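Enquirer: To start, I am sharing the structure in question, which I have written as structure tokens.
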Amino acid sequence: MPTRWGVFQTIGFERETPDGSRRVETALALLLGDLTEGAPLLRIHSQCFTGEVLGSLRCDCGEQLEIAMRAIAEEGRGLVIYERQEGRGIGLMAKLQAYALQDEGLDTVEANHALGFEADYRDFGLSAAILHELGVGRVRLLTNNPGKARALRDAGIEVVAQVACEAAPNPHSLDYLRAKKEKMGHALALGLTETGGAATIEVAHLPAGAAWFAADAEHLL
Ligand SMILES: [Zn+2]
25 MPTRWGVFQT
35 IGFERETPDG
45 SRRVETALAL
55 LLGDLTEGAP
65 LLRIHSQCFT
75 GEVLGSLRCD
85 CGEQLEIAMR
95 AIAEEGRGLV
105 IYERQEGRGI
115 GLMAKLQAYA
125 LQDEGLDTVE
135 ANHALGFEAD
145 YRDFGLSAAI
155 LHELGVGRVR
165 LLTNNPGKAR
175 ALRDAGIEVV
185 AQVACEAAPN
195 PHSLDYLRAK
205 KEKMGHALAL
215 GLTETGGAAT
225 IEVAHLPAGA
235 AWFAADAEHL
245 L
């Protein structure tokens, strides 16, 4: 599939969810270059209809996807797994309800809890299964979310580095991003750097969970 950043091989995956509900979960894998050598860049991206299609400024999703695809294209190899987990897994309708609660003063985590959901309702099992299927066992993960790196490691994928994938905040997204940083531990500088972008933070020799401290330290230098 030709894109603004390059021609990606695109593979669709689907499976019944392992919970026995017979629900089908789907994802797209966008592949560039040889992924069998070394540790290619990987972005696991969750669908955001409001941000990516409608241009909503409430979140950073659309820009994160662009940063990831550009970084992969610049290296000439890597992959994006695009998962259909709108609103950190709660779905589009509940996400709109959460937005209404945020307009009343709750933050993104409190709004999810008020609706009976966990702060992050996603499951990265399908992404891990896709990586195993593609024979990709080592990656450099484009994310600010240490939970995503942990989920992959738990599923047997070696995450040799967590690579920052941060968009510059805007006045509409700042509170949301601050909640992700302070309540969910995301490695976000929130405008302390001049521009957003991708920067590599090698974590191979750091203890588990230390990646985002390293990320903050780098931004503050
Ligand atoms: Zn979004």
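For the sequence shown, the residue numbers in the numbering used here are 25 to 245.
Just so it is clear, CB atoms sit at the ideal spot from N, CA and C, and this is done for glycine as well.
Bear in mind the structure is a predicted one, so any value in this text is a computation, not a measurement.
Thr34 bridges to which residues according to DSSP?
Expert: DSSP lists Leu54 as partners of Thr34.
Enquirer: Measuring from the CB of Gly75, is there a heavy atom of ligand 1 at a distance below 7 angstroms?
Expert: In this structure, ligand 1 has a non-hydrogen atom nearer than 7 angstroms to the beta-carbon of Gly75.
Enquirer: How big is the Cα-Cα spacing for Glu134 and Cys72?
Expert: Looking at the two C-alpha atoms, the distance is approximately 20 angstroms.
Enquirer: Mind checking whether Leu201 and Asp84 have CB atoms under 8 angstroms apart?
Expert: yes
Enquirer: Look at the alpha carbon of Thr224 and the alpha carbon of Pro193, and state the distance between them as a whole number of angstroms.
Expert: With a pLDDT of 46 at Thr224, under the threshold of 50, the modelled position of that residue is not reliable, and the figure given next carries that caveat. Using only the alpha carbons, I get a separation of about 20 angstroms.
Enquirer: Excluding sequence positions up to five away, which residues of its chain have a Cβ less than 6 angstroms from the Cβ of Asp147?
Expert: none
Enquirer: Nearest-angstrom Cα distance between Thr34 and Ile105?
Expert: 10 angstroms
Enquirer: If you count every other CB in all the chains shown that lies within 10 Å of the CB of Gly124, and 16 or more means buried, which is it?
Expert: Here the sequence assigns Ala to residue 124, which means Gly is not the residue at that position. Answer is exposed; the Cβ neighbour count stays below 16.
Enquirer: From Val184 to His69, what distance separates their C-alpha atoms?
Expert: So the two alpha carbons sit approximately 19 angstroms from each other.
Enquirer: Any idea if Leu150 is buried or exposed, counting beta-carbon neighbours within 10 angstroms, 16 or more meaning buried?
Expert: The residue is buried, with at least 16 neighbouring Cβ atoms inside 10 Å.
Enquirer: Under the three-state reduction of DSSP, which class applies to Val160: helix, strand or coil?
Expert: coil
Enquirer: Leu65 and Val160: beta carbons closer than 8 angstroms?
Expert: no
Enquirer: What does the alpha-carbon distance come out to for the pair Val163 and Glu206?
Expert: 26 angstroms
Enquirer: Label Gly140 either buried or exposed according to how many other C-beta atoms from any shown protein chain fall within 10 Å of its C-beta, with 16 as the threshold for buried.
Expert: exposed
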